[in-house]
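Report on one structure; see the data block that follows.
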Amino acid sequence: MLNKLPPLKESPSQTAGPYVHIGLTPSLERITEANVPDLGAGPVPGFGPRIIVAGRVFDGSAAPVSDAVVELWQADADGNHGNAFGRVACDGTGAYRFDTVKPGRVGGPDGKLMAPHLTLWIVARGINIGLHTRVYFEDEAEANETDFVLNRIMDVRRRKTLIAVRSDADGKTVYTFDIRLQGGDETVFFDI
Amino acid sequence: MAIQPFAGGEGGFYARDRAWHPPVASPAYKSTTLRAPRHALLSLGQTRSELTGPAFGHDILNPLDNDLIRNFSQDGSDAIGQRLVVYGQIMDENARPVPNTLVEFWQANAGGRYRHKREGYIAALDPNFGGCGRAITDADGYYHFRTIKPGAYPWPNGGNDWRPAHIHFSVFGHAFAQRLITQMYFEGDPMIWQDPIALSIPDRTAVEQLIARLDRHNTTPMDTLAYRFDIVLRGRRSTFFENRVEGN
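For the protein sequence lines, the chains are R and F, in the order given. Counting from 1, one number per residue, gives the positions in the first sequence under the working numbering. Counting from 1, one number per residue, gives the positions in the second sequence under the working numbering.
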């Protein structure tokens, strides 16, 4: 049957505000009795090679966004979505960091596999509705070429805003992914 | 016969009604000026990465997570303020309950002050009030918690802006596409209609969806007032010609 008009409207979003840490990362505000431990803190669980995904969040004047909270949702190395959820608060320099696993490929709606990617969701003071984006990996160039989502970005110059840059140091693989909320190299955000 | 008439495929979520939500930039709320993307959001529909989401069980809850009157008590006494029970049902746009989903909440104390290192308001901290809690919805999508009524407070935006009393809510739903953070206001508060953040929502009816109703029926006599605050998450489309496992 065809869809009826849904009877209810989604509750409208409101900003998480500057005091979001009380609710989402309470240990940072020395609240250690309730909501402990912080949800999504520590290494993200999941099967696969361990990687670090880190970067900074900037506003339209290139100032660091020091009060954002970033959430992560992803598949494991086999492409299965288990419970690989992470949450971190940015520090005073706008920096965030996840200790997680490199995801595998997940089937896309066009019947092809999508390139390995992470989903990020960013909230902060001054963000009226949480921003969805994706992290792709520069060392997956071949998969990225055919990815359903990357290919939806008509301005090919903007695709690079979703591709994390790899570096290897001290035996760790680090992918750097900066998030620019606004401006010349503005990150691609999704209406999902 | 499986067909995929729209982006996002079968059983995806209704498109978000962006006119019902606040726009990314609302000039009267100044912090949005440099934090609002200028490019249009790219419509993606949903893939498995958006149709799945984390699940949290009761094992993550501490015994007093849904009791803000007691969950930060340092000396055994209750938090100061008007005692409330806040409860409600989480549903999707199809009016189906959303069971077993995590709800997180945080708020200022009765004087309008947050327990936060960047808080600058002169109102006193309450040593027995932390200001956060969480709950998991029951089989019918209901949550409840005990708290005190937060105070209104001034904030540096316009020359003399005050936030109406409010409680912040974070809800997961069952898919990352349903992820939502919002705020709850209190019935009858005239300050809602002077607040640049509430009024970042263009439609008055949509603002009213965030106003909790006083519920005398669930008031505990001689103890707590009750407010009911229902939350609606995005709902999924039916599938053409086929029944889905989830039911329709």
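Backbone N, C-alpha and C fix where the C-beta goes; we use that ideal spot for every residue, glycine too. Just so you know, these numbers come straight off a predicted model, no measurement behind them.
Report the neighbours of residue i on chain R: residues whose CB is nearer than 7 Å to its CB, in chain order.
| i | result |
| --- | --- |
| L233(F) | E10 |
| T52(F) | H81 |
Could you confirm whether any beta carbon from chain F is found closer than 8 Å to the beta carbon of residue i?
| i | result |
| --- | --- |
| S61(R) | yes |
| L24(R) | yes |
| T119(R) | yes |
| P6(R) | yes |
| P43(R) | no |
| V65(R) | yes |
| D191(R) | yes |
Note down, in chain order, every chain R residue with its Cβ under 9 Å from the Cβ of residue i.
| i | result |
| --- | --- |
| W162(F) | The contacting residues do not exist; W162(F) stays about 14 Å from chain R at best. |
| Q194(F) | Under the 9 Å cutoff, chain R gives no residues; its nearest Cβ is about 16 Å from Q194(F). |
| R213(F) | Those within 9 Å of R213(F) in chain R number zero; the least Cβ separation is about 14 Å. |
Sort out for me which residues DSSP pairs residue i with in a bridge.
| i | result |
| --- | --- |
| C132(F) | W106(F) |
| L233(F) | D92(F) |
| T187(R) | T187(R) pairs with nothing; no bridge assigned. |
| T93(R) | DSSP output for T93(R) lists no bridge partner at all. |
| Y136(R) | H117(R), I163(R) |
Using a Cβ cut-off of 8 Å, pull out every chain R residue sitting near residue i, in sequence order please.
| i | result |
| --- | --- |
| N62(F) | E33, A34, N35, V36 |
| F72(F) | I31, E33, A34 |
Using a Cβ cut-off of 9 Å, pull out every chain F residue sitting near residue i, in sequence order please.
| i | result |
| --- | --- |
| E145(R) | Result: empty, since nearest Cβ-Cβ is about 18 Å, beyond 9 Å. |
| I51(R) | Within chain F, no residue comes near I51(R); the closest Cβ sits about 17 Å away, beyond 9 Å. |
Give a yes or no on whether the minimum CB-CB distance between residue i and chain R is below 8 Å.
| i | result |
| --- | --- |
| R204(F) | no |
| A36(F) | yes |
| F105(F) | yes |
| E187(F) | no |
| A2(F) | For A2(F), the predicted model reports a pLDDT of 34, less than 50, meaning its position is unreliable; a value from the coordinates is still stated below. Output row for A2(F): interface = no. |
| D59(F) | no |
| A226(F) | no |
What does residue i reach in chain F if we use C-beta pairs closer than 8 Å?
| i | result |
| --- | --- |
| Y136(R) | None at all; the shortest Cβ gap to chain F is about 12 Å. |
Can you list the residues of chain F that residue i reaches, using a CB-CB cut of under 7 Å?
| i | result |
| --- | --- |
| V149(R) | L44 |
| G130(R) | R179, I181 |
| G17(R) | H168 |
Would you say residue i touches the ligand GTP, meaning its beta carbon is less than 7 Å from a heavy atom?
| i | result |
| --- | --- |
| R146(F) | This structure simply doesn't include the ligand GTP, nor any ligand for that matter. |
Listing by chain order, which chain C residues have their CB less than 9 Å from the CB of residue i?
| i | result |
| --- | --- |
| P150(F) | Absent from the structure: chain C. Protein chains present are R and F. |
Once DSSP output is grouped into helix, strand and coil, what is the label at residue i?
| i | result |
| --- | --- |
| I22(R) | helix |
| P97(F) | strand |
| N3(R) | coil |
| I51(R) | strand |
| F176(F) | helix |
| L214(F) | strand |
| M1(F) | With a pLDDT of 29 at M1(F), under the threshold of 50, the predicted position of this residue should be treated as unreliable, and no value is reported. |
Could you name the residues of the stretch 83–102 of chain F whose beta carbon sits closer than 7 Å to any beta carbon of chain R, in the order they occur along the chain? M91, E93, N94, A95
Using a Cβ cut-off of 7 Å, which residues of the stretch 164–188 of chain R contact any Cβ in chain F, in chain order? Using a CB distance below 7 Å, the part of the stretch 164–188 of chain R facing chain F consists of L181, Q182, E186, V188, ordered along the chain.
Name the residues in the stretch 126–138 of chain F whose C-beta lies less than 7 Å from a C-beta of chain R; which are they? G130, G131, C132, G133, R134
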